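Enquirer: Take the sequence shown: its position 204, counted from the start at 1, is 217 in my numbering, and no numbers get skipped.
Even for Gly, the Cβ is constructed at its ideal location relative to N, Cα and C.
Model, not experiment: these values are computed from the prediction.
The structure under discussion is supplied below as structure tokens; questions concerning it will follow.
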Amino acid sequence: MSVSFSTFDRLKSKGVAAFQQGDFVTARGYLVDAAECMIELAEQAKTEDARRQHEEIAAELVQLAKDCDTRRGSPQAAPRIRQGEKDDEAGADASDWIVREKPDVGFDDIAGLEDVKTEIRLKMIYPFAHPALAKQYGISVGGGVLLYGPPGTGKTMIARAIAHEIDATFYLISPAQIMSKWVGEAEQNIRKLFDSAKADRTSVIFMDEVEALVPRRKSDSSTVMQRVVPQILQELEGFDRNGQRALLFVGATNKPWLIDEAMLRPGRLDAKVYVGLPDAPARFKMLEIYLGKKPLAGDVDFGELCDRLEGYSGADIRNIVQQAAQIPFMEAIGGGEARPITRADMLRVLEDTKPSVQPSDLTRFEKFAQTGS
Ligand SMILES: Nc1ncnc2c1ncn2[C@@H]1O[C@H](COP(=O)(O)OP(=O)(O)O)[C@@H](O)[C@H]1O
Ligand SMILES: [Mg+2]
Numbered sequence: 014m015s016v017s018f019s020t021f022d023r024l025k026s027k028g029v030a031a032f033q034q035g036d037f038v039t040a041r042g043y044l045v046d047a048a049e050c051m052i053e054l055a056e057q058a059k060t061e062d063a064r065r066q067h068e069e070i071a072a073e074l075v076q077l078a079k080d081c082d083t084r085r086g087s088p089q090a091a092p093r094i095r096q097g098e099k100d101d102e103a104g105a106d107a108s109d110w111i112v113r114e115k116p117d118v119g120f121d122d123i124a125g126l127e128d129v130k131t132e133i134r135l136k137m138i139y140p141f142a143h144p145a146l147a148k149q150y151g152i153s154v155g156g157g158v159l160l161y162g163p164p165g166t167g168k169t170m171i172a173r174a175i176a177h178e179i180d181a182t183f184y185l186i187s188p189a190q191i192m193s194k195w196v197g198e199a200e201q202n203i204r205k206l207f208d209s210a211k212a213d214r215t216s217v218i219f220m221d222e223v224e225a226l227v228p229r230r231k232s233d234s235s236t237v238m239q240r241v242v243p244q245i246l247q248e249l250e251g252f253d254r255n256g257q258r259a260l261l262f263v264g265a266t267n268k269p270w271l272i273d274e275a276m277l278r279p280g281r282l283d284a285k286v287y288v289g290l291p292d293a294p295a296r297f298k299m300l301e302i303y304l305g306k307k308p309l310a311g312d313v314d315f316g317e318l319c320d321r322l323e324g325y326s327g328a329d330i331r332n333i334v335q336q337a338a339q340i341p342f343m344e345a346i347g348g349g350e351a352r353p354i355t356r357a358d359m360l361r362v363l364e365d366t367k368p369s370v371q372p373s374d375l376t377r378f379e380k381f382a383q384t385g386s
């Protein structure tokens, strides 16, 4: 269905009126609808200038809608990126394959991964904090980062934490879902996603298993893939890298060597960061994070555990701790005394648990790190 400026005006006026009356719940609803309406109008705009103007208005409305959340005291992420009457349009609601949220996990909750944290500070935090310096040195904001490494090392977790650190809206999208559900509408949905993300002041689009969406073109015959890959590349290059808004595209993969080379060129997923197994300090921090708040016996020695956990991933370590905690928990449920977790509990689980990542897997990643393929 098509939208008109009069629809937009009506929605905006109602939103603004409610805002002025202090009814922020109602205001938010109208403002979001008005913003979406404007995004729609921007898509139909005849000139580039008009399109940009419309997008700016939409962004302002989104900002105002966010203000409603703050004012009413309990910020709430909009569960769907498209709302209201326009959902029936083309039969596709992007909310089915896009999760939009405001994550509450931060950098402090993540052990290690200092390279990733540094890269993000450089791309997203410092340029905003020091705009004059950034301009002087031609440092642009946003861009693309590829996180690659074995499973369970915190790639998904840190993508969320990035959004938290920069107070950005987080979009989680699954290429597998785009492909399976929306064949034929994939292009349209990708455009909606990027439009919506661009309307936010800062946003993080996270695509997990990014290799599934963009396999090397020669080996893939799907036509959807052939249309979608160039479109995503184009959207990535369309980022406004010097403006007041920033969009960070984070891709994650366990199989970086399967990614389309075009995706890795400058201006795209050009910053590649290896997310490997945790080193000793990171393992120590994980023990503090996962074990530190639980009741512990005096014989639990983090230094010893840290050594024994070499070769285990973050996900492994979290699981080991959880299983160890279950031992006294089950005893207590069975009528026993509630005792703390002991060294023996930890070692028992450790001995039964193999690291999920093999040394040979690591060799493959090292080759990619050195040769890029
Ligand atoms: N560096 C880390 N610091 C703290 N916890 C971690 C770390 N890496 C992994 N974990 C734990 O393992 C879980 C799975 O990690 P995840 O981010 O899904 O890994 P990946 O996306 O690399 O497969 C996380 O939710 C977290 O509980
Ligand atoms: Mg993951």
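1) Around the Cβ of K306, are there at least 16 other Cβ atoms within 10 angstroms (buried) or fewer (exposed)?
2) Could you pull the DSSP bridge partners for A265 from this structure?
3) Assign L322 to one of three DSSP states: helix, strand, or coil.
4) Check the C-beta distance from V313 over to I354 and give it rounded, since I have them as a contact under 8 Å.
5) List in chain order: all unbroken alpha helix (DSSP H) runs of 4+ residues lying wholly within the stretch 325–381.
6) Considering only heavy atoms of ligand 2, does any lie closer than 7 Å to the CB of T366?
7) Considering Cα atoms alone, identify which of K79, E69, A63, S326 is closest to Y43.
8) Quick one: what's V112 bridged to in DSSP?
9) From the DSSP secondary-structure annotation, give me the bridge partner or partners of T215.
10) Would you tell me roughly how many angstroms separate the C-alpha atoms of E127 and L360, rounded to the nearest one?
11) Assuming K115 contacts T182 (C-beta within less than 8 Å), just tell me the rounded distance between them.
12) Pull the bridge partners of K285 from the DSSP assignment, please.
13) Beta-carbon separation of L77 and F32 under 8 Å?
14) Is any non-hydrogen atom of ligand 2 found closer than 7 Å to the C-beta of A265, if you look at the structure I gave you?
15) Keeping to the same chain, check which residues put their C-beta closer than 7 Å to that of M170; ignore five residues upstream and five downstream.
16) Between K268 and ligand 2, is there a pair consisting of the residue's CB and a ligand heavy atom that are separated by less than 7 Å?
17) Please confirm whether K285 and Y139 have their CB atoms less than 8 Å apart.
18) Ignore the nearest five residues each way along the sequence and tell me which others in R85's own chain have a CB closer than 6 Å to its CB.
19) Taking only the alpha-carbon atoms, compute the straight-line gap between S386 and R214 and give it to the nearest angstrom.
20) Heavy atom of ligand 2 less than 7 Å from the Cβ of D122, yes or no?
21) How close, in whole Å, do the beta carbons of A48 and A71 come, if the pair is a contact with beta carbons under 8 Å?
22) Which whole-angstrom value describes the C-beta separation of G264 and M299, a residue pair presumed to lie in contact below a C-beta threshold of 8 Å?
23) Label L146 either buried or exposed according to how many other C-beta atoms from any shown protein chain fall within 10 Å of its C-beta, with 16 as the threshold for buried.
24) Measuring straight from C-alpha to C-alpha, what distance separates R296 and G327?
25) Tell me, please, which residues DSSP counts as bridged to I70.
26) Spatial neighbours of E222 within its chain, please: CB distance less than 8 Å, with the 5 preceding and 5 following residues excluded, ordered by chain position.
27) Quick one: grab the DSSP three-state call for I272.
28) Going straight from the alpha carbon of R281 to that of A275, what length do you get?
29) Output the boundary residues of the alpha helix (DSSP H) element that contains I302.
30) What is the DSSP secondary structure of L309, counted as helix, strand or coil?
31) Taking the beta carbon of Y303 as the centre, do at least 16 other beta carbons fall within 10 Å, making it buried, or is it exposed?
32) Go to P144, then tell me how far its alpha helix (DSSP H) extends in each direction, as first and last residue.
33) Report all residues from its chain with a CB closer than 8 Å to the CB of L246; omit the five preceding and five following residues, and keep chain order.
34) Label D358 either buried or exposed according to how many other C-beta atoms from any shown protein chain fall within 10 Å of its C-beta, with 16 as the threshold for buried.
35) Which first and last residues belong to the alpha helix (DSSP H) in which S19 is found?
Expert: Based on what the coordinates show:
1) By 1-based counting over the sequence shown, the position of residue 306 is 293. Exposed is the call here.
2) In the sequence shown, residue 265 corresponds to position 252, counting from 1. Beta-bridge pairing links A265 to L160.
3) As a position in the sequence shown, residue 322 is number 309, starting the count at 1. L322: coil per DSSP, three-state reduction.
4) In the sequence shown, the residue the question calls residue 313 occupies position 300. In the sequence shown, the residue the question calls residue 354 occupies position 341. Going by Cβ atoms, the distance from V313 to I354 rounds to 7 Å, so yes, they are a contact pair.
5) 327–346, 356–365
6) Working through the sequence shown from its first residue, we reach residue 366 at position 353. For ligand 2, not one heavy atom lies less than 7 Å from the Cβ of T366.
7) Mapped onto the sequence shown, residue 43 falls at position 30. For the residues K79, E69, A63, S326, the minimum Cα distance to Y43 belongs to K79.
8) Residue 112 sits at position 99 when you count from the first residue of the sequence shown. According to DSSP, which records beta bridges pairwise, V112 is partnered with L185.
9) Translated into the one-based positions of the sequence shown, residue 215 becomes position 202. In DSSP, T215 forms a bridge with A259.
10) In the sequence shown, residue 127 corresponds to position 114, counting from 1. In the sequence shown, residue 360 corresponds to position 347, counting from 1. Straight-line Cα distance between these residues: approximately 29 Å.
11) Locating residue 115 in the sequence shown gives position 102, where the first residue counts as 1. Locating residue 182 in the sequence shown gives position 169, where the first residue counts as 1. Their Cβ separation, rounded to whole angstroms, is 7 Å, which keeps K115 and T182 in contact under 8 Å.
12) Locating residue 285 in the sequence shown gives position 272, where the first residue counts as 1. L159.
13) Taking the sequence shown and counting its residues from 1, the one referred to as residue 77 is at position 64. Taking the sequence shown and counting its residues from 1, the one referred to as residue 32 is at position 19. Yes; because the gap between Cβ atoms is below 8 Å, this pair is in contact.
14) Locating residue 265 in the sequence shown gives position 252, counting from the first residue. A265: yes, Cβ under 7 Å from ligand 2.
15) For this step, residue 170 is matched to residue 157 along the sequence shown. Around M170: V118, I123.
16) Start at 1 with the first residue of the sequence shown, and residue 268 comes out as number 255. No, the Cβ of K268 stays beyond 7 Å of every heavy atom of ligand 2.
17) Taking the sequence shown and counting its residues from 1, the one referred to as residue 285 is at position 272. Taking the sequence shown and counting its residues from 1, the one referred to as residue 139 is at position 126. Not a contact, by the Cβ cut-off of 8 Å.
18) If you number the sequence shown from 1, residue 85 lands on position 72. Excluding residues within five positions, the ones whose Cβ falls inside 6 Å are F37.
19) Within the sequence shown, numbered from 1, the residue matching residue 386 stands at position 373. Within the sequence shown, numbered from 1, the residue matching residue 214 stands at position 201. Answer to the nearest angstrom: the Cα atoms are 35 Å apart.
20) Position 109 of the sequence shown, counted from the first residue, corresponds to residue 122. No, Cβ of D122 sits at least 7 Å from all heavy atoms of ligand 2.
21) As a first step, residue 48 is located in the sequence shown; it is residue number 35 there, counting from the start. As a first step, residue 71 is located in the sequence shown; it is residue number 58 there, counting from the start. Going by Cβ atoms, the distance from A48 to A71 rounds to 5 Å, so yes, they are a contact pair.
22) By one-based count along the sequence shown, residue 264 stands at place 251. By one-based count along the sequence shown, residue 299 stands at place 286. With a Cβ gap of about 25 Å, G264 and M299 do not count as contacting.
23) Locating residue 146 in the sequence shown gives position 133, where the first residue counts as 1. Classification of L146: exposed, given that the 10 Å Cβ count is below 16.
24) Here residue 296 is taken as the residue at index 283 of the sequence shown, counted from 1. Here residue 327 is taken as the residue at index 314 of the sequence shown, counted from 1. One C-alpha to the other measures close to 8 Å.
25) For the purposes of this step, residue 70 is identified with residue 57 of the sequence shown, where counting begins at 1. Paired residues: none, contrary to the question.
26) For this step, residue 222 is matched to residue 209 along the sequence shown. Cβ neighbours of E222 beyond the five flanking positions: S187, P188, A189, A265, T266, N267.
27) Residue numbering aside, residue 272 sits at position 259 when the sequence shown is read from its first letter. Three-state DSSP puts I272 in a strand.
28) Looking up residue 281 in the sequence shown gives position 268. Looking up residue 275 in the sequence shown gives position 262. One C-alpha to the other measures close to 8 Å.
29) Position 289 of the sequence shown, counted from the start, is the residue given in the question as residue 302. Taken as a continuous stretch (DSSP letters only), the alpha helix (DSSP H) holding I302 covers 293–304.
30) Counting from 1 along the sequence shown, the entry for residue 309 is found at position 296. Here L309 sits in strand by DSSP.
31) For the purposes of this step, residue 303 is taken as the residue at position 290 of the sequence shown. With 16 or more other Cβ atoms within 10 Å, it is buried.
32) Numbered from its first residue, the sequence shown carries residue 144 at position 131. Note, P144: alpha helix (DSSP H), 144–149.
33) Here residue 246 corresponds to residue number 233 of the sequence shown, with the count starting at 1. Around L246: A275, M276, R281.
34) Translated into the one-based positions of the sequence shown, residue 358 becomes position 345. By the neighbour-count rule (16 or more Cβ atoms within 10 Å), D358 is buried.
35) Position 6 of the sequence shown, counted from the first residue, corresponds to residue 19. S19 -> alpha helix (DSSP H) spans 18–34.
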